[in-house]
Amino acid sequence: MERTLILNIESAIRGIKMGTKKPEDVGTAVATNMTKLKLLNEGMQIDLMVKYKQVVEGYKNSLK
């Protein structure tokens with residue numbers, strides 16, 4: 100379960116980086132997966148949240 104949640108979040112992050120997805124397209128799924136992951140592995144959830152926020156910020160900056 101934990102590995103699946105991590106893969107889903109990393110896939111969303113990768114999609115935003117590659118430009119195939121927008122943060123609003125994956126936001127709900129990422130939030131759900133982050134919540135579930137926090138119960139299983141809070142340290143990994145924090146690391147992925149930092150990565151996700153950086154990618155979303157980079158996406159927003161690229162639109163300006």
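Everything in the sequence shown is counted per my numbering, starting at 100 for the first residue and increasing by one.
For glycine and all other residues, C-beta sits at the position ideal for the given N, C-alpha and C.
None of the values given here were measured: they were computed from a predicted structure.
1) Where L138 and I145 are concerned, what is the direct C-alpha to C-alpha distance, given to the nearest angstrom?
2) Tell me the rounded alpha-carbon separation between K121 and L106.
3) The ligand FAD and I105: does the residue's C-beta get closer than 6 Å to at least one heavy atom of that ligand?
4) Could you tell me which uninterrupted alpha helix (DSSP H) segments, each at least 4 residues in length, are contained entirely in the segment 108 to 140, listed from first to last along the chain?
5) Going by beta-carbon coordinates alone, are K116 and V154 separated by less than 7 Å?
6) Just mark A130 as buried or exposed, buried being the case when its beta carbon has 16 or more other beta carbons within 10 Å.
Well, looking at it:
1) Here residue 138 refers to the residue found at position 39 of the sequence shown. Here residue 145 refers to the residue found at position 46 of the sequence shown. In this structure, the CA atom of L138 is about 12 Å from the CA atom of I145.
2) By one-based count along the sequence shown, residue 121 stands at place 22. By one-based count along the sequence shown, residue 106 stands at place 7. The straight-line gap from Cα to Cα measures roughly 18 Å.
3) No copy of the ligand FAD occurs in the structure displayed, which carries no ligand at all.
4) With a minimum length of 4 residues, the continuous alpha helix (DSSP H) runs that stay inside the segment 108 to 140 are 122 to 139.
5) Numbered from 1 along the sequence shown, position 17 holds the residue referred to as residue 116. Numbered from 1 along the sequence shown, position 55 holds the residue referred to as residue 154. Cβ distance < 7 Å, so K116 and V154 count as in contact.
6) Start at 1 with the first residue of the sequence shown, and residue 130 comes out as number 31. Classification of A130: exposed, given that the 10 Å Cβ count is below 16.
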